[in-house]
Structures are given as structure tokens and as C-alpha cells.
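These notes concern the structure reproduced below.
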Amino acid sequence: MCGITKRSIQPSESAGQHLPKQATPNVLIAQSAAFVPPPIFNHLVPRCNEPLQDLIHVFKTESLQFFREIARFCVEQAIKTGLGIEGKVNEVSVFDRKNYFYPDNPKNYQLTQKDFPVVVGGQVEIELPGASRNVMGEHKFIRIHHAHLEEDVGKLSHAGSGSLVDYNRAGVPLLEIVTEPDLRSAAEAEAFLRSLVAMLTQAGVADCDMEKGQLRCDCNVSVRRRGDAKLGTRTETKNLNSISSVRDTVIYETARQIRELEAGRSITQETRG
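Heads up: the sequence shown begins at 0 in numbering that gives the first Met the number 0, then just goes up one per residue.
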């Protein structure tokens, strides 16, 4: 959306919400299902759990050209998030076209924010588990790099030798929160997500029901030798849909990378899972 080891190699992670800048998680937050939001740039109303392709619209497939106007609700929710993470809300925010060809994106481009996101900076305070139930754990602040608005894409399902795509959520507003590479363990990644979810739900930004895809995480993990200032080569695991999945991914990927380096092999930057 993420050391962990008693050996000489220290992992660096970021958890998250879609939690990346060298080992950062990014949090992809879909809007609350309790209050049905407008799509980010048009008047189609997205809903959860609809029949496949029931919400197809010419805007999603770019069958017709539209003059786009940003939905006020989306900006307001992004501003709430920025205030909640103690970030700076930019007075000027710019959208970019990210061009790529992939089946989940019928327009072959995605409207997103690269250089001028709606929120920059910020932090989230986490508390790690204490030695016992009645003992407070360590407190730590996880820095936020930025948060930006973008369109969600369709959902791919792979079956046998083929793949199916559902475009119902394409164009639904998405807020991506990107951390700095401050997370140093699976426990910290888990604590970060729990703190972030608590803030987002209390602020009324999102329900964060991960079973409904309202919060998904891309987890970037790298390891480095203790004392090294430079971050190691990272790998990314995309679209994790539970906090336990993020925790387990960090544990597994950290151990795998340590084994590779101790065997004299190098880590390849790649997307896994």
C-alpha cells in the first residue's frame, strides 16, 4: 500500500496503502460504501457488489469525449485525509494522464497525480505491542511522502488459461497514500495500517472494509546490511486486501531476500504475487 532479523541484514519496508519510494507501502482507499460518492470526474454513481459489468458507461471506455470536472466530494475527502495525517494540503493540484496498455483499463490511460498531488508530507503515529498486556509499547512516527487522487481500474480474475475483467469499479475515486521507507518490521507495518484505518474511519473518509476492496495495499520490501545508508533493491507485492496479508508478506519477503543475499545472489527489482 513495509530489522526484522537477528542476522546482519536489516530490512526496510513501507506498509501499505498501496504503502513507494524505495520500500514504501501505498494505501489505495476506495470511498465508503455507506455514503455513495460520485466518481472522480463524471456523474456515474459507483456501487459495491453489483452484477458483473452492470455499471459500464461510455466514460469508462472513452467511447465518447467528455469535458471533465473534478468531483467536489473527492477533493473534500482528500483534504480530510491530509489534515488527519498532518500533511500540507496544496492550494494547486494537477492531474496527469498515465498511459499504459492493460486489460483492466479500457481507456489505455489513467487519470492520476504525479508532480502536484493534493497532499504532501505528514505523519502517522503508531504504537507497537508492549512486553505484556499492561505495558505500553514503543511509539514511533511514520512519515508520509504524499497522498494523491486517481481513478481506480477494473478487476481482473484469472481462471485457467484465460482471464476475466469486471469494469464496475473503473473510474471510482481512489486516494493513494505513500509512506517514506520508515517501517522496519512486519509489526510496524501492521501497527501503521491499524492506526491509519482508525483515523480514516473516525474522520468519515472511508469505511476501510478490506473485504469489499475499500482499502488495498501495495507492499514494497527491501533489505540492507546493518550500517549501510543506501536502501536495498525492493520488490513490490500489489493489491493485498488484509492487514494480515501485509504482515505475512513482509515476513516472507524479508526472509527470502536475506536468504538470497547470504547465498551470494542479488535481488531483482520486480513485482511479485
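Backbone N, C-alpha and C fix where the C-beta goes; we use that ideal spot for every residue, glycine too.
Buried/exposed call for residue i, threshold 16 Cβ in 10 Å
{"i": "T80", "result": "buried"}
{"i": "M135", "result": "exposed"}
{"i": "S243", "result": "exposed"}
{"i": "G203", "result": "exposed"}
{"i": "D114", "result": "exposed"}
{"i": "I8", "result": "Residue placement at I8 is poorly supported in this model, since its pLDDT is 45, which falls under 50; the coordinates still yield a value, given next. The residue is buried, with at least 16 neighbouring Cβ atoms inside 10 Å."}
{"i": "Q201", "result": "exposed"}
{"i": "A190", "result": "buried"}
{"i": "D151", "result": "buried"}
{"i": "T253", "result": "buried"}
{"i": "Y166", "result": "buried"}
{"i": "L163", "result": "exposed"}
{"i": "Q268", "result": "exposed"}
{"i": "G277", "result": "Lying before the first or after the last residue shown, residue 277 is absent from the chain, which here runs from 0 to 272."}
{"i": "G170", "result": "buried"}
Residue i - containing beta strand (DSSP E), residue span
{"i": "R224", "result": "214-224"}
{"i": "R142", "result": "138-150"}
{"i": "Q122", "result": "122-126"}
{"i": "T178", "result": "172-178"}
{"i": "N238", "result": "234-239"}
{"i": "R168", "result": "No beta strand (DSSP E) contains R168, which DSSP labels as neither H nor E."}
{"i": "R271", "result": "269-271"}
Local conformation of residue i per DSSP, three classes
{"i": "K113", "result": "coil"}
{"i": "S162", "result": "strand"}
{"i": "S244", "result": "helix"}
{"i": "K211", "result": "helix"}
{"i": "R264", "result": "coil"}
{"i": "E259", "result": "helix"}
{"i": "E68", "result": "coil"}
{"i": "L82", "result": "helix"}
{"i": "V204", "result": "coil"}
{"i": "V118", "result": "strand"}
Residue i: first and last residue of the uninterrupted alpha helix (DSSP H) it sits in
{"i": "Q201", "result": "185-201"}
Minimum Cβ-Cβ distance from residue i to chain B less than 7 Å
{"i": "V91", "result": "Looking for chain B here will not work: only one protein chain is present."}
Proximity test, residue i beta-carbon vs the ligand NAD heavy atom, cut-off 6 Å
{"i": "D151", "result": "In the structure on display, the ligand NAD does not appear, and there are no ligands present to speak of."}
Query raised in the report: Are the region 118-135 and the region 83-103 touching by the rule of at least three beta carbon pairs closer than 8 Å?
Result: yes
Query raised in the report: In chain order, which continuous runs of the beta strand (DSSP E) of length 3 or greater are located wholly inside the region 84-110?
Result: 95-98
Query raised in the report: For the region 124-144 against the region 89-103, are there 3 or more C-beta pairs whose distance is under 8 Å?
Result: no
Query raised in the report: Counting pairs of beta carbons, one from the region 247-263 and one from the region 202-215, are three or more of them closer than 8 Å?
Result: no
Query raised in the report: Are the region 147-156 and the region 180-188 touching by the rule of at least three beta carbon pairs closer than 8 Å?
Result: no
Query raised in the report: Are the region 239-253 and the region 214-227 touching by the rule of at least three beta carbon pairs closer than 8 Å?
Result: yes
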